[in-house]
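Colleague: Protein sequence lines correspond, in order, to chains Y and V. So for the first sequence, the numbering used here puts the first residue at 11; every next one is plus one. So for the second sequence, the numbering used here puts the first residue at -18; every next one is plus one. One structure is given below, represented as structure tokens, and several questions about it will come after.
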Amino acid sequence: MDLLSIVKECRNNQMYKPVFDQIPYAQFIGMDCKQFGEEYVFTLPANENNLGNPTLPAIHGGVLGGFLENSAIIHLLLKLDIPRLPKTIDFSIDYLRAGFHKETYAICEITRQGRRAANVSMYAWQTKKSEPIAVARAHFLMEDPNK
Amino acid sequence: MRESNDELKAFCRHGMADIKHSALLGIETISATNESITLKLPYSQKIVGDIETGALHGGAIFTLADQTSGFAVFSHLHPKIRIAPTLDLRIDHMRKSTRGVDLLCVARCYRYTDNIAFTRAVVYENDIDDPVAHAVGSFMFLEAVKDQSWLK
Chain Y
11 MDLLSIVKEC RNNQMYKPVF DQIPYAQFIG MDCKQFGEEY VFTLPANENN
61 LGNPTLPAIH GGVLGGFLEN SAIIHLLLKL DIPRLPKTID FSIDYLRAGF
111 HKETYAICEI TRQGRRAANV SMYAWQTKKS EPIAVARAHF LMEDPNK
Chain V
-18 MRESNDELKA FCRHGMADIK HSALLGIETI SATNESITLK LPYSQKIVGD
32 IETGALHGGA IFTLADQTSG FAVFSHLHPK IRIAPTLDLR IDHMRKSTRG
82 VDLLCVARCY RYTDNIAFTR AVVYENDIDD PVAHAVGSFM FLEAVKDQSW
132 LK
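Structure (structure tokens):
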């Protein structure tokens, strides 16, 4: 089954595991997605393997970056009908607070969608949504669905 | 380029073992001088981003760049190490990585102040002139003042 069919089936069933199964890295860090109305909330459960700083302990900054980047990729797949995985052109993250050893949440917003590229902003939190632990933005290159 | 610093290299290797996620990725210290750090991310199926091409996920490449840049900050200060978490990091992907090929990352802390350290990093496979990604970052030292002896 091609990627777009998998995505469409996931949208219908509101079960997103098959999309994540397409991306080994997503399984490696153990992320998932939940739908609330038309909103997607991406989740990264507490996982010892994702820790960086051993003394705090805190989530590795790289994992947080990877989690947000992949959230944006899945968000684009779920929101748009694109035949192939979006390619990351650039990704920039600001760390606002330490990410502790507990579940992390993220939401994404497509700031601008062009014909070939999309600009996505990402927002991550743990305890309270009003206390973000990181924000990020990225550009993705997408294959034209009409080609 | 300054000569290799074996003590610093040993410090990096020792430190990596404590950083659970980097140890799990198998990130390895290749070389360490007071000017730059080179780390290696071994290719693994587990961290692939696109199963069709076998290219590694941007997140894994980002982690390599973050880890190398972070180490480059204290390479400058070694042996007077100060903890400096990442304030921000930006990565540009020039091309997708090749299936089955390990990634190298060389990072340099090109400037630091009492509070902030600035880094540049290049991710490549065999040829640094054909990079996979570039990253720039800034790191903030946890204690703001270098010499705190006056406090005591």
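In this text, a Cβ means the ideal position worked out from N, Cα and C, and glycines have one as well. Treat the numbers as computed from the prediction; the structure is a model and nothing was measured.
1. Indicate whether at least one CB of chain Y lies closer than 8 Å to the CB of residue 1/V.
2. Compare the C-alpha of residue 31/V against each of 73/Y, 133/Y, 37/Y, 64/Y and name the closest.
3. Return yes when the Cβ of residue 8/V is within less than 8 Å of the Cβ of residue 114/V, no when it is not.
4. DSSP state of residue 47/V, grouped into three classes?
5. Could you tell me the boundaries of the alpha helix (DSSP H) in which residue 35/Y lies?
6. Could you tell me whether any Cβ in chain Y is nearer than 8 Å to the Cβ of residue 112/V?
7. To the nearest angstrom, how far is it from the Cα of residue 25/Y to the Cα of residue 104/V?
8. Using beta carbons (cut-off 8 Å, strictly below), is residue 41/V in contact with chain Y?
9. Please name the residue, chosen from -4/V, 6/V, 52/V, that lies closest to residue 15/V on a Cα-to-Cα basis.
10. Got a sec: is the Cβ-Cβ distance from residue 21/V to anything in chain Y below 8 Å?
11. Anything in the stretch -16 to 13 of chain V with a Cβ closer than 8 Å to a Cβ of chain Y? List those residues in chain order, please.
12. Residue 67/V CB to nearest chain Y CB: under 8 Å?
13. Using the beta-carbon of each residue, which ones in chain V are nearer than 8 Å to residue 46/Y?
14. In chain V, what lies closer than 7 Å to residue 95/Y by C-beta?
15. Using the three-state DSSP reduction, which class does residue 76/V fall into: helix, strand or coil?
16. Taking three-plus beta-carbon pairs below 8 Å as touching, is the stretch 69 to 80 of chain Y in contact with the stretch 97 to 112 of chain Y?
17. Give the secondary structure of residue -12/V by DSSP, where H, G and I count as helix, E and B as strand, and everything else as coil.
18. Do the stretch 27 to 37 of chain Y and the stretch 80 to 95 of chain Y meet, that is, are 3 or more Cβ pairs less than 8 Å apart?
19. Leaving out five residues before and five after residue 128/V in sequence, what residues of the same chain have Cβ atoms less than 6 Å from its Cβ?
20. Would residue 49/Y and residue 117/Y be called neighbours here (beta carbons separated by less than 8 Å)?
21. Of all the options 145/Y, 90/Y, 140/Y, which has the alpha carbon lying nearest to the alpha carbon of residue 128/Y?
22. Counting pairs of beta carbons, one from the stretch 94 to 105 of chain Y and one from the stretch -16 to -4 of chain V, are three or more of them closer than 8 Å?
23. To the nearest angstrom, how far is it from the Cα of residue 54/V to the Cα of residue 71/V?
24. Pairs of beta-carbons, one from the stretch 12 to 27 of chain V and one from the stretch 81 to 100 of chain V, closer than 8 Å: are there three or more?
Modeller: This is what the structure holds:
1. Position 20 of the second sequence, counted from the first residue, corresponds to residue 1/V. At least one chain Y Cβ lies under 8 Å of residue 1/V.
2. Here residue 31/V corresponds to residue number 50 of the second sequence, with the count starting at 1. Closest by alpha carbon: 37/Y.
3. Reading the second sequence from its first residue, position 133 is the one you call residue 114/V. Reading the second sequence from its first residue, position 27 is the one you call residue 8/V. Their beta carbons are not under 8 Å apart, which means residue 114/V does not touch residue 8/V by this criterion.
4. For the purposes of this step, residue 47/V is taken as residue 66 along the second sequence, with counting starting at 1. Collapsing the DSSP output to three states places residue 47/V in a helix.
5. Reading the first sequence from its first residue, position 25 is the one you call residue 35/Y. Per DSSP, residue 35/Y belongs to the alpha helix (DSSP H) from 34 to 39.
6. Walking along the second sequence from the start, residue 112/V turns up at place 131. No - not a single Cβ of chain Y is within 8 Å of the one on residue 112/V.
7. By one-based count along the first sequence, residue 25/Y stands at place 15. By one-based count along the second sequence, residue 104/V stands at place 123. Looking at the two C-alpha atoms, the distance is approximately 36 Å.
8. Taking the second sequence and counting its residues from 1, one reaches residue 41/V at position 60. So, interface residue.
9. Locating residue 15/V in the second sequence gives position 34, where the first residue counts as 1. Of -4/V, 6/V, 52/V, the residue nearest in Cα terms is 52/V.
10. In the second sequence, counting from the first residue as 1, residue 21/V sits at position 40. By this cut-off, residue 21/V is not an interface position.
11. -1, 0, 1, 2, 3, 5
12. For the purposes of this step, residue 67/V is identified with residue 86 of the second sequence, where counting begins at 1. Judged by the 8 Å Cβ criterion, residue 67/V is in contact with chain Y.
13. Here residue 46/Y corresponds to residue number 36 of the first sequence, with the count starting at 1. In chain V, no part has a C-beta under 8 Å from the C-beta of residue 46/Y; the shortest such distance is about 24 Å.
14. Position 85 of the first sequence, counted from the first residue, corresponds to residue 95/Y. By Cβ distance, chain V contributes 31.
15. In the second sequence, counting from the first residue as 1, residue 76/V sits at position 95. Residue state, collapsed to three classes: coil.
16. Yes, the stretch 69 to 80 of chain Y is in contact with the stretch 97 to 112 of chain Y.
17. Position 7 of the second sequence holds residue -12/V. If DSSP states are grouped into helix, strand and coil, residue -12/V belongs with the helices.
18. yes
19. Taking the first residue of the second sequence as 1, we reach residue 128/V at position 147. Since pLDDT at residue 128/V reaches only 49, below the 50 mark, its modelled position is unreliable, and the value read off the structure follows with that caveat. Within the same chain, and ignoring the five residues on either side of residue 128/V in sequence, no residue has its Cβ closer than 6 Å to its Cβ.
20. The residue given as residue 49/Y occupies position 39 in the first sequence. The residue given as residue 117/Y occupies position 107 in the first sequence. Going by C-beta atoms, residue 49/Y is nearer than 8 Å to residue 117/Y.
21. Reading the first sequence from its first residue, position 118 is the one you call residue 128/Y. Looking at the Cα atoms, 90/Y is the closest of the given residues.
22. no
23. Against the second sequence, residue 54/V aligns to sequence position 73. Against the second sequence, residue 71/V aligns to sequence position 90. Looking at the two C-alpha atoms, the distance is approximately 16 Å.
24. yes
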